[in-house]
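Right, one structure below, let's go through it.
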């Protein structure tokens with residue numbers, strides 16, 4: 043059974059034998075650890091997903107994306123066409139798909155225009171996507187995303203990671219942070235490293251399980267041909 047934030051807080055104190063005042067870690071400190079742990083785990087293992095639609099105007103070069111977006115999974119243009127996604131290294135190397143799925147050179151591209159964008163370059167600027175070509179008409183991009191949390195942990199609230207296994211890894215990462223608190227009763231680099239190793243192992247298992255499920259889905263969808 044997964045915990046709400048109050049349950050996570052109680053579990054943390056019980057595991058750390060920190061249930062009597064004066065506490066080694068304040069509630070505010072632990073909630074801050076939970077916020078960081080949830081954000082790190084969500085990004086490390088692509089656990090939070092969503093969709094967003096971003097409007098643009100003719101002649102815009104950039105799409106602004108919220109800072110909670112950690113990765114674009116898929117993007118479609120105003121006409122429903124799937125947009126190609128590239129990082130800047132791929133783009134600069136000229137590894138660009140043409141209409142027939144072939145790689146072609148793209149040396150002189152920054153001023154190219156078209157009715158709608160055909161590709162998005164993901165990492166030229168922080169929290170922005172560069173459209174290619176520059177659109178000559180207003181439109182929008184609908185994107186499926188991986189994201190970080192959009193709310194803070196507060197007593198009486200629900201965490202965004204509500205799976206029991208996710209919360210188990212979250213608690214390990216929170217303990218890793220807690221053991222780095224510079225206080226004679228809490229600072230313990232050895233225990234911090236131990237908790238980080240446990241977190242890493244659990245996170246890797248979550249990624250493996252997700253990848254396995256995606257392969258299974260692909261096999262079903264395409265009749266066993268990958």
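Residue numbers (my numbering): 43 to 268.
C-beta: ideal position from N, C-alpha, C; glycine also.
Only a predicted model underlies this, so the values are computations on that prediction, with no experimental measurement involved.
With respect to the 8 Å criterion, residue 45 and residue 53 are classified as neighbours on the basis of their beta carbons.
Judged by DSSP secondary structure, residue 76 falls within the alpha helix (DSSP H) whose first and last residues are 69-87. Residue range 111-118 is occupied by the beta strand (DSSP E) that includes residue 118. Counting only runs of 4 or more residues that sit fully inside the segment 202-239, the alpha helix (DSSP H) segments are 206-220, in chain order. For residue 54, the uninterrupted alpha helix (DSSP H) segment begins and ends at 47-57.
Between residue 114 and residue 127, the beta carbon gap of about 6 Å places them in contact (Cβ cut-off 8 Å). Comparing C-alpha distances from residue 219 to each of 95, 77, 200 shows the shortest one belongs to 77. For residue 104, the uninterrupted beta strand (DSSP E) segment begins and ends at 104-106. Cα atoms of residue 97 and residue 124: separation of roughly 16 Å, rounded to the nearest angstrom. Using a C-beta cut-off of 8 Å, the segment 77-93 makes no contact with the segment 166-178, since fewer than three inter-stretch Cβ pairs fall below that distance. Between the beta-carbon of residue 253 and that of residue 237 there is about 25 Å, and that puts the pair past the 8 Å contact cut. Taking every protein chain shown into account, the CB of residue 183 has 16 or more other CB atoms within 10 angstroms, so this residue is buried.
Per the DSSP secondary-structure output, residue 156 pairs in a beta bridge with 177. By the CB criterion at 8 Å, residue 212 and residue 83 fall inside the cutoff. With respect to the C-alpha of residue 154, the residue from 51, 178, 134 having the closest C-alpha is 178.
By the CB criterion at 8 Å, residue 239 and residue 221 fall outside the cutoff. Annotated as distal: residue 181 and residue 92, with beta-carbon spacing of 8 Å or more. In summary, residue 189 is buried, with 16 or more beta-carbon neighbours lying within 10 Å of its beta-carbon over all protein chains present. Rounded to whole angstroms, residue 102 and residue 249 show a C-alpha spacing of 37 Å.
By the neighbour-count criterion, in which a residue is buried when 16 or more other Cβ atoms sit within 10 angstroms of its Cβ, residue 191 is buried. In the DSSP assignment, residue 92 forms a beta bridge with 187.
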